[in-house]
Amino acid sequence: MPILTKHDKEVKEKELVLRIMPMPSDSNINGHIFGGWIMSQIDIAGSILAAKIAAGKVATIAVNSIQFKDPILVGDLISLYASIVRTGNTSITVSIDVYSQKRPFQNDSVKAVEAKLTYVAIDKQGNSRPLTSL
Numbered sequence: 001m002p003i004l005t006k007h008d009k010e011v012k013e014k015e016l017v018l019r020i021m022p023m024p025s026d027s028n029i030n031g032h033i034f035g036g037w038i039m040s041q042i043d044i045a046g047s048i049l050a051a052k053i054a055a056g057k058v059a060t061i062a063v064n065s066i067q068f069k070d071p072i073l074v075g076d077l078i079s080l081y082a083s084i085v086r087t088g089n090t091s092i093t094v095s096i097d098v099y100s101q102k103r104p105f106q107n108d109s110v111k112a113v114e115a116k117l118t119y120v121a122i123d124k125q126g127n128s129r130p131l132t133s134l
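Numbering-wise, the UniProt record's numbering puts 22 at position 22 of the sequence shown, and it's gapless, one number per residue.
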């Protein structure tokens, strides 16, 4: 039987879209992962879910919010979970939570970052387009 963590209920409401382990080249001299690297992973994770919902290409149009809650270190296993906050005619707002498992990997994880980003569905020419029926 799997061991449940304190974040299981919250995680079940979101979709795991990306799991990655940061390397030394992603860190500063203290071993903390650069915020910009984390933000790029958040953008990738959010765009995966947004593109799935849009049934096509999307472009990031806004980083609505981002809050760094706990440092991520070299070798931590990070999992990015996403859910749709709202959809408009052409846009999709996604909530992304980043959880970090410290080494040695244990069953519990820490919510390290929370973010909300907005994407717009685009056509082959890069122009915004209406979302297909959801």
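Cβ coordinates follow ideal geometry from the N, Cα and C atoms, glycine included.
Rounded to whole angstroms, the gap between the alpha carbons of Ala121 and Ile66 is 22 Å.
The beta carbon of Lys102 sits closer than 8 Å to the beta carbons of Leu73, Asp76, Val110 from its chain, once the five residues preceding and following it are set aside; these are given in chain order. About 11 Å separates the Cβ atoms of Ile84 and Ala54, ruling out a contact at the 8 Å cut-off.
With a cutoff of 9 Å on beta-carbon distance, Ala82 and Leu49 are scored as near each other. In the three-state reduction of the DSSP assignment, Ser47 falls in the helix class. Secondary structure note for Ile96: its beta strand (DSSP E) is the uninterrupted segment 91 to 101.
For Ile38, the closest alpha carbon among the candidates Asn107, Ala62, Ser25, Val113 is that of Val113. Considering only Arg86, Ser79, Asp43, Gly56, the residue with the shortest C-alpha distance to Leu16 is Ser79. Across the structure, Ile33 and Ser27 are spaced so that their CA atoms are roughly 4 Å apart. Non-local beta-carbon contacts of Pro71 in its own chain, meaning distances under 8 Å to residues more than five positions away in sequence, involve His32, Ile33, Ala112 in chain order.
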